[in-house]
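S.K.: Quick note, the sequence shown lines up with residues 234 to 347 if you use this note's numbering. Please read through the structure below; I'll follow up with questions.
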Amino acid sequence: MFNNGTKGMSFDIGGPEILTYREMMQQYAEARGLPQRLIFRVPVLTPLLSAYWVDLVTPVPSGIAHPLIEVLRNEVVCRESRIEQFVPIQKTPFKDGVRIAFSEEKEGPGVTGF
């Protein structure tokens with residue numbers, strides 16, 4: 234951003250709703266017309282094991298999947314909306330964002346190519 238008022242500042246930018254990772258995965262599947270999946274909660278978060286599992290069962294490149302899995306350790310809920318003072322933002326609901334992303338994917342190959 235080329236605004237002297239924001240120099241050196243960091244901002245949270247999020248959508249209009251707060252969702253768990255489980256809810257995001259379920260809404261993603263619904264938006265894509267995929268069958269409902271079983272999601273199991275495990276007592277211990279093991280990102281390395283999870284990363285290897287994702288490598289085995291998805292076409293997502295490890296350079297993308299591994300950092301995303303590592304983030305699961307952290308809560309990533311936006312706690313403030315100061316960015317709206319500087320940039321007009323129209324917040325997109327998660328399901329709409331998924332639909333938009335995949336409609337754009339149809340126009341050209343994306344990261345995974347599926």
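Virtual Cβ for every residue (Gly too), placed ideally from N, Cα, C. Owing to the predicted nature of the structure, the values given are computational and were not obtained by experimental measurement.
Identify whether Glu250 lies in helix, strand or coil by the three-state DSSP scheme.
M.R.: On the sequence shown, position 17 is the one that residue 250 refers to. Here Glu250 sits in coil by DSSP.
S.K.: Check this for me: beta carbons of Phe327 and Glu250, under 8 Å apart or not?
M.R.: Here residue 327 refers to the residue found at position 94 of the sequence shown. Here residue 250 refers to the residue found at position 17 of the sequence shown. Cβ distance < 8 Å, so Phe327 and Glu250 count as in contact.
S.K.: Report the option in Tyr254, Ile246 and Ser295 whose CA atom is closest to the CA atom of Asn307.
M.R.: Numbered from 1 along the sequence shown, position 74 holds the residue referred to as residue 307. Comparing Cα positions, the closest option is Tyr254.
S.K.: Grouping DSSP H, G and I as helix and E and B as strand, with all else coil, what is Asp288?
M.R.: Numbered from its first residue, the sequence shown carries residue 288 at position 55. Reduced to three states, the DSSP call for Asp288 is helix.
S.K.: Might you give, ordered along the chain, the residues of its own chain that have their beta carbon closer than 7 Å to the beta carbon of Tyr261, omitting 5 neighbours on each side?
M.R.: As a working mapping, residue 261 is identified with position 28 in the sequence shown. Answer for Tyr261: Val331, listed in chain order.
S.K.: What separation, rounded to the nearest whole angstrom, lies between the Cα atoms of Gly247 and Leu289?
M.R.: For the purposes of this step, residue 247 is identified with residue 14 of the sequence shown, where counting begins at 1. For the purposes of this step, residue 289 is identified with residue 56 of the sequence shown, where counting begins at 1. Computed Cα separation, rounded: 31 Å.
S.K.: What are the boundary residues of the alpha helix (DSSP H) that includes Leu305?
M.R.: Position 72 of the sequence shown, counting from 1, holds the residue named residue 305. It is not in any alpha helix (DSSP H) - Leu305 carries neither H nor E in the DSSP assignment.
S.K.: Do Gly241 and Phe319 have their C-beta atoms closer together than 8 Å?
M.R.: Walking along the sequence shown from the start, residue 241 turns up at place 8. Walking along the sequence shown from the start, residue 319 turns up at place 86. Their beta carbons are not under 8 Å apart, which means Gly241 does not touch Phe319 by this criterion.
S.K.: Using only the alpha-carbon positions, how far apart do Gly348 and Gln259 sit?
M.R.: Here the chain has residues from 234 to 347 only, and residue 348 is not among them.
S.K.: What does the Cβ neighbour count give for Ile302, buried or exposed, with the cut at 16 atoms within 10 Å?
M.R.: What you label residue 302 is simply residue 69 of the sequence shown in a count that begins at 1. By the 10 Å Cβ count, Ile302 comes out buried.
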